[in-house]
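Chemist: If you scroll down you'll find the structure; I have some questions about it.
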Amino acid sequence: MSQNLLNISLSVDKEELRELIKKVIEGEWRLYLPQFQRDFEWDEEDIRYFFDSIIRNLPVGSIILWKPSRNIEEDPFAVPLIDLDIAEQTGESYYLLDGQQRLTSLLLLYNNWSIYRMKTKISRSIISYVPTQNKLILGKKGGVNLSELFRGYLDGRFDKVVANYPAYKNTLEKITRRIIEYKIPIYTIKTLSEDDNVVTEMADAFVRINKAGVRIGTVELMLSFLAGVVSGDFSKQIRNIHRELENRDLDLNTLIRFILSNFGVKQTVFSNVKRFRSNVEKIKFSGEILERSKKAIKFTMDFLHEELGLSTCKIIPSKVSIIPIAKYFYQQQIFTSDNLSENERKDIINWFMIVNMKGYYSSSTNSKLEKDLKIIADSSGAFPYTNLLDNIGERYKIRKADIEKGDSVNVLKKQGLQYLFLLYILLIKERAEDLDGSLLITKKYSDLHRHHIFPKEIFSETDIAPDDPDEKEVYISSLGNITFISGTLHEEIPKNLPDAEPINYLPRYPALQKHFIPPEKELWRLENFERFKQARIELIYNVARKHFREIIE
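Each residue of the sequence shown is one higher than the last, beginning at 0 in numbering that gives the first Met the number 0.
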């Protein structure tokens, strides 16, 4: 089915997953990620839930492709979805506008949980199907690697893969075929030209067809047109700066916004296609401005690591909150900690915590950001903390009730990221340890597992959790039940009753007890789960007040 809009054409088809993967792996589709779709963020639990939904024949969203009239390969900001060992690819090129998390998960399934993107390895732990319990689990214990089932069926080796499970062969084949034959909608948007009306129409089309994935608007799409507007040398230099910061997971959109602001582009032009194009086309390349921008953004990353232990931007709820700090360092030419007073450090961090915990930039982003950048531009000395607080409003302080709301959201999802952000920072500040006694701050964030203190699996063995799946996820994955430990050590912790009840396993891990675990051992029992969460959130609040007394009341 296809539909023509004024400047774009839109078609939709359904593809079986085996055909979808085949088109990607064999190069029939050459898929590229635009800068706003760069990171693969799903962890093993997200992937397990995705395949569980497929097996149950539940909707999992769609794939949205965009074929612009210009050559995608000339875009220095686009990266291939997967590195392919194909000498010559002759297929059609598309941007993958939405569905990266789903499609990357499928490629991981096909490639035994490991792929390469721009020579960087993306891997996740094994997910297995346990035929005796009819469920998917993380790890291999008692199950069959789902990737081996999937690949074995496609390659004609299925009998060998299931040889150790003769009684369950039919069940395993049924489960595998449900994944292979599952059909997913593929929307293809083709732009007939790249004039100023296209962006608005595409954003409107995207919002209408995208129900399960991310929301994008004119800002992201305009940035995708950036490569066709600025000079090749300018865009190349931006890309080089981003490469130097890739280990910090800095969002390319954030970097571009910051750099363009230093060339005089106002954030408010991002809401108007013609003004955006006009402003960007007028930019005169300056190596000096780019070099100063690089120093400022790199020091911003170092500063956040020094002060809060943030080695990655992934856990920062509002990525654009980095920009005003970097802008201040840029303007004042502050590139080392020696040039910051203790009061300035405290003011910058307090402001950063407020805007991220309050979700300040979640609405009217462009106008709020421009207003803040103007205050910084007009300042001539210390960080303008008081004036920036005036922009936020009178009720800028973080209340106890704000932190307690973490018990009513799934902190593992985007809407709960501010609570995970706070928890991680407090663990780092309290010098919390991993199970092996090493400090959490010494571990890469990407290697840490978001651990359920009361393991998720035990709630399937009791009727204590709500029946509604969404309510159950919130109940189990709210702030009071989550902490961070390394993924490898996480596997040591029991997952089933009675061993998985904290009263039985916590005594063996004294390091974990320092993760704001209530000392009253009767709360470590499943029957007292609600009280445990409440007591732990109280402890988290008290520690937050200890470290951020000026902004937490």
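Glycine included, each C-beta is placed from N, C-alpha and C at the ideal position.
Here's a check: name, in chain order, each residue in its chain whose Cβ is nearer than 7 Å to the Cβ of A543, leaving out the five neighbours to either side.
Modeler: Result list for A543: I402, L421, L425, I551, in chain order.
Chemist: Could you compute how far the alpha carbon of H451 sits from the alpha carbon of A295?
Modeler: 38 Å
Chemist: According to the neighbour-count rule (16 or more other Cβ atoms, all chains shown, within 10 Å of its Cβ), is D74 buried or exposed?
Modeler: buried
Chemist: Taking the C-alpha atoms as reference points, what is the distance between F302 and C312?
Modeler: Cα-Cα distance, rounded: 13 Å.
Chemist: Taking only the alpha-carbon atoms, compute the straight-line gap between G155 and W112 and give it to the nearest angstrom.
Modeler: Rounded to the nearest angstrom, the two C-alpha atoms are 20 Å apart.
Chemist: DSSP has E432 in a bridge; who is on the other side?
Modeler: Paired residue(s): L438.
Chemist: So F483 is in the beta strand (DSSP E); what residue range does that whole segment cover?
Modeler: 481 to 485
Chemist: Here's the rule I'm using: 16 or more other beta-carbon atoms within 10 Å means buried, otherwise exposed. How should P454 be labelled?
Modeler: Residue burial annotation: P454 is buried, with at least 16 other C-beta atoms found within 10 angstroms of its C-beta.
Chemist: Starting from the Cα of T175, find the closest Cα among E491, E15, F284 and give me that residue.
Modeler: E15
Chemist: Please classify Y164: does DSSP put it in a helix, a strand, or coil?
Modeler: Y164 sits in coil when the DSSP states are folded into three classes, being neither helix nor strand.
Chemist: I want to see whether chain B comes within less than 9 Å of L422, judged by CB atoms only; does it?
Modeler: Among the chains in the structure shown there is no chain B, since it carries only a single protein chain.
Chemist: With a cut-off of 8 Å on the beta carbons, I'd call Y186 and I63 a contact; round off their distance for me.
Modeler: About 5 Å separates the beta carbons of Y186 and I63, which is inside the 8 Å limit, making them a contact pair.
Chemist: Out of curiosity, what's the CA-to-CA distance linking G141 and K173?
Modeler: Rounded to the nearest angstrom, the two C-alpha atoms are 19 Å apart.
Chemist: Rounding to the nearest angstrom, what Cα-Cα distance links E490 and D42 in this structure?
Modeler: 15 Å
Chemist: Residue range of the alpha helix (DSSP H) that T253 falls in?
Modeler: Residues 251 to 261.
Chemist: What do you get for Q132, buried or exposed, if any count of 16 or more other CB atoms within 10 angstroms of its CB means buried?
Modeler: exposed
Chemist: Tell whether a beta-carbon distance below 9 Å holds between I282 and G263.
Modeler: The answer is yes: Cβ separation under 9 Å.
Chemist: Are the CB atoms of I353 and L396 within a distance shorter than 9 Å?
Modeler: One point to set straight first is that residue 396 is Lys, not Leu, in the sequence displayed. Going by C-beta atoms, K396 is nearer than 9 Å to I353.
Chemist: Could you tell me which residues DSSP pairs with V143 in its beta bridges?
Modeler: Y128
Chemist: Rounded to whole angstroms, how far is the Cβ of I126 from the Cβ of I7, which I believe are closer than 8 Å?
Modeler: In fact, because the Cβ distance is near 38 Å, the residues do not count as touching under 8 Å.
Chemist: Ends of the beta strand (DSSP E) at Y181?
Modeler: Element bounds for Y181: n/a, residue is neither H nor E.
Chemist: Between the segment 267 to 276 and the segment 311 to 329, do three or more beta carbon pairs fall short of 8 Å?
Modeler: no
Chemist: Mapping the DSSP letters down to three states, classify D82 as helix, strand or coil.
Modeler: Coil, per DSSP.
Chemist: Could you tell me which residues DSSP puts in a beta bridge with D12?
Modeler: D12 pairs with I185.
Chemist: In terms of alpha-carbon separation, which member of R430, K66, L105, E243 lies closest to Y48?
Modeler: L105
Chemist: Considering only residues of the segment 14 to 76, which uninterrupted alpha helix (DSSP H) runs meet the minimum length of 4 residues and lie entirely inside it, listed in chain order?
Modeler: 16 to 24, 43 to 54
Chemist: When burial is assigned at 16 or more other CB atoms within 10 Å of the CB, is G555 buried or exposed?
Modeler: Absent from the model: residue 555. The displayed extent of the chain is 0 to 552, so no value can be given.
Chemist: Around the C-beta of N169, are 16 or more other C-beta atoms found within 10 angstroms, so that it is buried, or is it exposed?
Modeler: Around the beta carbon of N169, a 10 Å sphere encloses fewer than 16 other beta carbons of the protein chains shown; the residue is thus reported as exposed.
Chemist: Could you give the distance in angstroms between the alpha-carbon of Y508 and the alpha-carbon of E343?
Modeler: 39 Å
Chemist: Suppose contacts are defined by Cβ-Cβ distances below 9 Å. Is L95 in contact with P184 by that definition?
Modeler: no
Chemist: Looking at C-alpha atoms only, which residue of N261, F50, P130 is the closest neighbour of A325?
Modeler: N261
Chemist: Quick check: the segment 370 to 386 against the segment 327 to 335, are at least 3 beta-carbon pairs closer than 8 Å?
Modeler: yes
Chemist: Whose CA, out of P67, E470, F382, S317, lies closest to the CA of K345?
Modeler: F382
Chemist: If distances are taken between C-alpha atoms only, which option among L244, D82, K21, I240 comes closest to R150?
Modeler: K21
Chemist: Helix, strand or coil for S285? Go by DSSP, reduced to three states.
Modeler: coil
Chemist: Tell me I121's beta-bridge partners as DSSP assigns them.
Modeler: I114
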